[in-house]
Every structure is written in structure tokens, then in C-alpha cells.
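Residue numbers (the working numbering): 15 to 527. The C-beta atom is built at its ideal place from N, Cα and C for all residues, glycine as well. Just below is one structure, and these are the notes that go with it.
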Amino acid sequence: MPDAPHFVIVGGGTAAWIAAFIFQDSARRSGLNARISVVESSKIPTVGVGEASTAAFRVFLQHFGINEFEFFRETGATFKLGIRHQDWRRKGYTYYGPIDDPHQVVAPPRGAPSDYLNVYSVSAGRKVQDMHLFGPLLERKKAPYAKKADGSLIPLGPFHYAFHFDQALVGKFLKARSAGIAIVDAIVAGVERDAETGHIAALVLDDGQKLAGDFFVDATGFRKQLIVRELNAPWLSYAKELPVNRALPFWLDIKPGEEIANYTLAWAQEAGWMWQIPTQTRYGCGYVYSDEFKTPEEAKQEVERVLGREIDTRGDIRFQIGRLEKAWIGNCLAVGLASSFLEPLESTSIHGTIVQMMLFAGRYLRNPAEMTEADRDDYNARVGRQVDDFRTFVNTHYVVERDDTPFWRNVRAERLHQETRARLAHWRTEMPRREHFNGFLFGLPHIETQLHYPVLDGLGLLDRELAKREMGEQPEVRAFARKTVESLTKEYKLAATKALGHAEFLEHVRNHS
Ligand SMILES: Cc1cc2nc3c(=O)[nH]c(=O)nc-3n(C[C@H](O)[C@H](O)[C@H](O)COP(=O)(O)OP(=O)(O)OC[C@H]3O[C@@H](n4cnc5c(N)ncnc54)[C@H](O)[C@@H]3O)c2cc1C
């Protein structure tokens, strides 16, 4: 019998452990006899700033049968039901981006196009966020659960939520649940390549040892040890349209008894924006800004002025915004920060890792000897499109009315990508529809209209007259949508009065195993 192929994952951050977990589980389920190793270095730290996920993380937990209450307990995670966008459209204006999709719970009437409830809300001049369950929960910092008379918890809806967490604890959690993986603590210092194919044949470790393998995953974070340092993979920069390039992270403690936000705060500032992401004991915070417009000292002063208190900064992170042109070259696949990075405005990074690894495991994971150039081209095209969609969505958040600082004037005048302009122009002739995102990820989660509508609505980018015209063409659909939106809004407002407070929910979960 031939030797089992050896898959080697380099890195010890969230990306590496998500990849390792999915590889081992998928290989086992599909009967692929594979050896899996993770090379991680205790000498090089992971990123770790307080991370927000998307609903894809819950899809991931459920898909792999992981108990999410255990997840809450072991990782100090909190709920994320959406994003609170503060001072983006203009100073003093706040909107929420709830991540649940009400279309999911209503059987549509015959002939109803996708997103008809969204279109109706816009036509009626109602806020799109109001017909979401997560809308009132976000405003009241509630959990999407109520307590029954017997003390047990009952979910208030079938919607996927997301989480905030400390990525180091998530890595540890997944590591503990990944079976049969060999772990090597070493720094990869170089590689040996096959003279004929150019493929990586072995890793050269810092102690001089070699580790041979058949397939390699580069999850080395911003270092991009294999894919760029060794294989020189070209990088596609998004710096022109996404202006922030530096982050100033810090923590804020959560006091005992204090209610905990169930949203990621994305708070626009003079040269970028500030994030606040709660775990169970503290907020991971930071100012992501453009150093063309602020020095690190000025950025710190601005944060202290805005918060009215001093902060202890936890580093100075510089980053390049963009993606690899090809994340999979030869027998090396890059994932996580090694493959792409965008400012964390829509939490696309860990989301991207999960979707990319589930895509890879579902369609291309087999004996590396049988993987083809067509596989690589197909995967790279899909992943490239996915990350370009992230770029365009994040770029859309910068279509604002603000012009109060040089940064915002520059953003408005020069930073909109042509695809952002083209999409917005299209959505002035036709309301956004799910079909505009053409399903290239085989049903895996993607940022489609469910996330676009609240943001486009919050920024005032949807055309009410157009929505009215489209609704007017289908009077029965319109009548059904009116009734539905009214009843959902009422029902969800009431549900929010019964929901547990976020901190109370977390305490319950900590105390009940
Ligand atoms: C400012 C900021 C805010 C962010 N906010 C969010 C957010 O809200 N939501 C979100 O989804 N994502 C966010 N991210 C991204 C998120 O942190 C990462 O996607 C996630 O932590 C995965 O990182 P990683 O595993 O790719 O890299 P890292 O965490 O950097 O891990 C890299 C690993 O590779 C190892 N390594 C490196 N070089 C070598 C080598 N030569 N040999 C052996 N091992 C090596 C290191 O030891 C480390 O274990 C944010 C990132 C930044 C910078």
C-alpha cells in the first residue's frame, strides 16, 4: 500500500487551526488516508486584537458538530448580532447592520422576486433594520435567547449569529478537537523544491531538520513565509481604494455588572475608524487609520480625546490591504493573513478562511498527486472573486456624506473603486437582488444582499422611488410584503422585551455545562 500523503500546515494562528481542523475532519469523512502535521512556532506570536466573526463561524461550528455553548465557555466568546456603524454617513448618525435575514422565515408568495421584503421596506420609507429580529436586540444589547419557566434557554429565531472572541483561545479550542495531528514547534527557515515540478518537497526548519510533505498550507500570517518568501506569489493591492494601513490596538476592561455590547462597534474617526469588540472580560479595541493623514502619536491623542481617558496601546500594526493573485500555487495553498487582508470593517478575514477551507475540502481535497492545474485555476478564480467582493463591499461603506477632514474628502474624491461605482449605478436602475451575487461558492456563506441592504440603507444609497416602482409592478407581492414587514416588526419588538440581557446569557452559559 502506498504511503498516506502528508499535508503540512505551517502556522499556529486561527487560520492554521481552522485549516487543520477542516482537513482532518474532511479527510476522515471522505476516507482519504492522510497524514496531517502542523508546524507552529512558540517564538512568533499570533495577531490577536479581539476578533469579530460572521455567521459563517456558526455554520462552521454546526457543520462540524461543535457544541457552541462549550465554545462560549472555553473561548470567552460573546454574541455578535451585527455591526453598529457610528458617524459614518455623517457625524451623529448611527445605523446597524443586523446579520439575520428575515426572508429566511417567510414562505414567499408566488412570483415574489428575491429580497422583496427589503424592497418593500425601502419603498415604504421604513428602516430595513427594523424588520430584523436582530435590529431591536442590537438596540437593547440583548441575546437572541429567552429563558423558559424551567430555567432552560430557548432561541428567539432560527437565524445564525456570529461571535466576538480572542483568536488565540479559538486556536487552542480547535487544536484540542483536532484528532491525529502531529505538532512540530519550529520556525520554518526555508524550503527544498522538486527540481522538475518546482513544487515544495520539504520544509527546512530552524534547527536544521527537514520535514518532507506532499501538500503545504501557508498560514504564517503577514510573513507569508512559503507563498511569497519562497514562491514569490504576486500580490494584488487594494491600497488605492481602501485607504487605512495601520492599526493602534488597545483594551478596555468590562466592569462587573456592566452590560456587554452584542455588536461590533465601527466608529468613524478623523482618519479611519475605531473598532470595539467585546469578549466576556474586556473590549479588544483599536483605531485603524491611514498614516498619510495621521501619525501614530496623533492617532493615540485622537482616541484619548474621543474616549475621554488614557489608553495603553498594545503595539503598532502596519498592514498591506489586498490579496494574492493566486492563493494556490503548485502544492502550496495560502490562507488567512498570508493570503489576503482587508481592514476588519465587515469581519471578512476569519470568514474568508472558513469559507475557503470548506470550499477546498469539499471540492479539491484528495491525494495531492491527483490535483490538477484546472483545480488550481478554478479555486483561485472563486477565491479571488470572493475577496474582490469583500473589497467592493467594504469600499461601499466609504460612500459617505462626511467631508469634515482631509481623509474623508480624499476618500470621497479619489478612493471609490470602479466596481463600487458600477454596482451603485446598477442599483439605481434595479434594486439589489440576490442574483447579483451569482452563487460561485456553491452555497457557502457569502456577503450577499442580506448584508448589503442594511448598509446601503444606512448610508442612504437606496432609491425609494425605484423601490416603489418595482413594488408597484406586483401589487399582490406588495400587499403580502406590507403585511409581513408590519407583523415581523411588531413580533420582533415584542421578542426583544423577552430576550435575556447579553451579560445575563453569558453568565447562564458559564454556570451551566
Ligand atoms: C488590526 C486587525 C484587526 C482584525 N480584526 C479582525 C476581525 O474583527 N475579524 C476577523 O475575522 N479578522 C480580523 N483580523 C484578522 C484576524 O486576526 C486573522 O484572520 C486571524 O487571527 C488569523 O490570522 P493568521 O492565523 O492568518 O495569522 P497569525 O495570527 O499572524 O498567525 C501566524 C502564525 O504563523 C506562525 N509563523 C509565522 N512564521 C512562521 C514560520 N516561519 N515558521 C513557523 N511558524 C510561523 C506564527 O507563530 C503564528 O502562529 C484582524 C487583523 C488585524 C491586523
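Heavy atom of ligand 2 within 6 angstroms of residue i beta-carbon
i, result
"A48", "Questions concerning ligand 2 fall outside what the structure shown contains, since the ligands it does hold are ligand 1."
Check whether residue i and residue j have beta carbons under 7 angstroms apart
i, j, result
"E284", "T419", "yes"
"Q100", "T108", "yes"
"G27", "G322", "no"
"A275", "L338", "no"
"L262", "A313", "yes"
"V369", "L458", "yes"
"A481", "S137", "yes"
"A510", "K105", "no"
"A395", "I241", "no"
"N424", "P382", "no"
"P112", "H146", "yes"
"G90", "T293", "yes"
"Y252", "G350", "no"
"T60", "A182", "yes"
"Y297", "L266", "yes"
"I291", "H174", "no"
"V414", "R103", "yes"
Residue i versus residue j - alpha carbon distance
i, j, result
"R478", "P172", "30 angstroms"
"R416", "R429", "14 angstroms"
"A176", "E210", "46 angstroms"
"A341", "Q334", "16 angstroms"
"A513", "S501", "18 angstroms"
"G79", "V73", "10 angstroms"
"D326", "V469", "32 angstroms"
"A48", "F21", "7 angstroms"
"D180", "R328", "15 angstroms"
"L41", "F374", "Here residue 41 is Ala; the residue named in the question, Leu, does not match the sequence. Rounded to the nearest angstrom, the two C-alpha atoms are 11 angstroms apart."
"K161", "R154", "17 angstroms"
"Y412", "G286", "10 angstroms"
"Q38", "F355", "26 angstroms"
"S166", "V523", "10 angstroms"
"V317", "T295", "21 angstroms"
"L95", "N259", "27 angstroms"
"K507", "P150", "6 angstroms"
"Y378", "D114", "30 angstroms"
"L245", "L217", "13 angstroms"
"D208", "I343", "14 angstroms"
"N132", "Y393", "32 angstroms"
"R448", "K57", "45 angstroms"
"E311", "W422", "20 angstroms"
"A436", "Q76", "37 angstroms"
"N452", "M445", "16 angstroms"
"V24", "A30", "7 angstroms"
"T463", "H440", "14 angstroms"
"D221", "V198", "12 angstroms"
"E88", "L520", "12 angstroms"
"E65", "R140", "32 angstroms"
"V184", "G62", "11 angstroms"
"L475", "Y159", "33 angstroms"
"T367", "I461", "14 angstroms"
Cutoff 6 angstroms; reference residue i; Cβ partners in own chain excluding five residues on either side
i, result
"D531", "Residue 531 lies beyond the stretch modelled for the chain, which goes from 15 to 527, so this question has no answer here."
"M288", "W281 and Y301"
"T362", "L356 and F404"
"V120", "T498"
"A126", "V491"
"I331", "A261"
Close-in-space but distant-in-sequence residues of the same chain around residue i (CB under 8 angstroms, 5 per side omitted)
i, result
"P123", "E490, V491 and F494"
"E272", "A517"
"M371", "I32, A33, I36, F37 and V349"
Spatial neighbours of residue i in its chain, beta-carbon cut-off 7 angstroms, leaving aside the 5 residues before and after
i, result
"N409", "E255, L256, L430, H431 and T434"
"F264", "C299, G300, I325, D326, T327 and R328"
"F83", "V523"
"R399", "F454"
"R380", "L46"
Residue-chain proximity (residue i, chain B), Cβ-Cβ < 7 angstroms
i, result
"K141", "The displayed structure is made up of one protein chain only, and chain B is not part of it."
Check: Do three or more CB pairs link the region 271-282 to the region 231-239 at distances below 8 angstroms?
Finding: no
Notebook entry, point to check: Counting pairs of Cβ atoms below 8 angstroms between the region 401-408 and the region 68-77, do you hit three or more?
Noted result: no
Item checked: contact_flag[the region 185-192, the region 20-39] where n(CB pairs < 8 angstroms) is 3 or more -> yes
Notebook entry, point to check: Is the region 53-63 close to the region 197-207, with three or more CB pairs under 8 angstroms?
Noted result: yes
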